[in-house]
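Heads up: the structure comes next, in structure tokens.
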């Protein structure tokens, strides 16, 4: 029995094990795993390289966009400066250059239209077309002196003089301390715009300055609010003595948000609202009288009720108001009781 068992075990040892790979296959198996690993590494490397490539492209495009944005802002500012000085030909060149690199730039297109209109109106002062010349070596002392003067004017809060100095510095040396110069441009335009709105009542000039400040950075909440309120004030005034109800629609919210905002006549928004409300109520009163004359009792009653909330009705209008109410609601007029004669007993 033991011999049979031993023989069986020895035979089993000589039989091939189906779970173990035959000779020669282990090497192929390992080689296959190695090849698959290498292929995975190559694929991952390719994906990483491709990802890095696209990131590099996006970074480069973003950098180019920043360059274009900065160049557009500088060219736009130089165009505005030339336009303000009456140098329309130079201003046109700046705005045309912007449209070449940014065809969808609407502010530049609008400014170019204004420049062309000025030129067509014969207001163009003869200016020589700039020719290509060798740029002389800049005098850095002039740059430093202008920059130092700009810092002093900033500390003095002399915004007009500061802007003139910055214009001179930017025109003579566009690349000189651009970040610092842009920061002072923002500060000067922002503060002068607020000064024009709050102290001078020059709403149009203030809006113009705040729009320029926005070329150099985002406006703070206060400046943005006053620009918005000034725009609404100007729009409301366009309806003055034309459509009093529209005036009330614009100055009603302004009287709450900016009650002391005024124009160059120093009439505040709350005063504008009060005047407009009186005019609207007089208009309502005239409509009430017309409806009463036409026998439209309920309309007349409603209009009299509305106007009586803001103005004092005279005796004639009060009687019509009462009569319209009676006619509208079918109320019989109250008759005064007449004293009746009583018989006097004979004595």
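Numbering (the numbering used here), first residue to last: 3 to 349. Don't be surprised by glycine CBs; every beta carbon is placed ideally from N, CA and C. None of the values given here were measured: they were computed from a predicted structure.
Three or more beta-carbon pairs separated by less than 8 Å link the region 148 to 162 to the region 187 to 194, which places the two stretches in contact. CA-to-CA, the gap between residue 249 and residue 112 works out to about 29 Å. Between residue 179 and the set 146, 263, 204, the nearest pair of CA atoms involves 146. Beta-bridge annotation (DSSP): residue 167 is not paired with any residue.
By the Cβ-count criterion, residue 122 is exposed, with fewer than 16 other Cβ atoms from all chains shown falling within 10 Å of its own Cβ.
In the displayed model, residue 266 falls within coil according to three-state DSSP, outside both helix and strand. With a cut-off of 8 Å on Cβ pairs, the region 284 to 293 is in contact with the region 304 to 319, counting three or more such pairs. DSSP, reduced to helix, strand and coil, places residue 286 within a helical segment of the structure shown. When DSSP states are grouped into helix, strand and coil, residue 113 belongs to the helix group. Taken through DSSP and simplified to helix, strand or coil, residue 211 comes out as helix.
Counting C-beta atoms within 10 angstroms of its own C-beta, residue 280 has fewer than 16 neighbours from the protein chains shown and is therefore classed as exposed. Relative to the Cα of residue 231, the nearest Cα in the group 219, 278, 258, 216 belongs to 258.
Looking at the backbone, the Cα of residue 96 and that of residue 202 are separated by about 32 Å. The alpha-carbon of residue 88 is positioned some 22 Å away from that of residue 212. Residue 302 and residue 322 have their alpha carbons spaced roughly 9 Å apart.
Under the three-state reduction of DSSP, residue 244 is assigned to coil, being neither helix nor strand. Taking a cut-off of 8 Å for Cβ pairs, the region 233 to 242 and the region 261 to 271 touch, as three or more such pairs fall below it. In this structure residue 106 does not touch residue 74 by the C-beta definition: roughly 11 Å separates them, more than the 8 Å allowed. By the CB criterion at 8 Å, residue 168 and residue 181 fall outside the cutoff. Per the C-alpha coordinates, the member of 298, 221, 291, 80 positioned closest to residue 316 is 291.
Distance check between residue 77 and each of 99, 245, 197 places 99 closest, using alpha-carbon atoms only. Of the candidates 275, 185, 247, 165, 185 places its Cα closest to the Cα of residue 220.
Per DSSP, residue 175 lies in no alpha helix (DSSP H) segment and is marked neither H nor E.
In the same chain as residue 260, and ignoring 5 residues on each side of it, the C-beta atoms closer than 7 Å to its own belong to 231, 271, in chain order.
With fewer than 16 other Cβ atoms inside 10 Å of its own Cβ, residue 116 counts as exposed.
Rounded to whole angstroms, residue 295 and residue 326 show a C-alpha spacing of 10 Å. With a threshold of 16 other beta carbon atoms within 10 Å, residue 40 falls short and is exposed. Residues of the same chain with a CB within less than 7 Å of the CB of residue 228, apart from the 5 flanking positions on each side, are 196, 199 in chain order.
DSSP, read as helix, strand or coil, puts residue 257 in helix.
In this structure, the straight-line span from the alpha carbon of residue 332 to that of residue 319 is close to 19 Å. Sequence-distant partners of residue 165 (beyond 5 residues in either direction) whose C-beta falls short of 8 Å from its own C-beta, in its chain, are 187, 190, 191, 194. Contact check for residue 110 against residue 101 passes: the beta carbons are separated by less than 8 Å.
Between residue 262 and residue 238, the gap from beta carbon to beta carbon reaches 8 Å or more.
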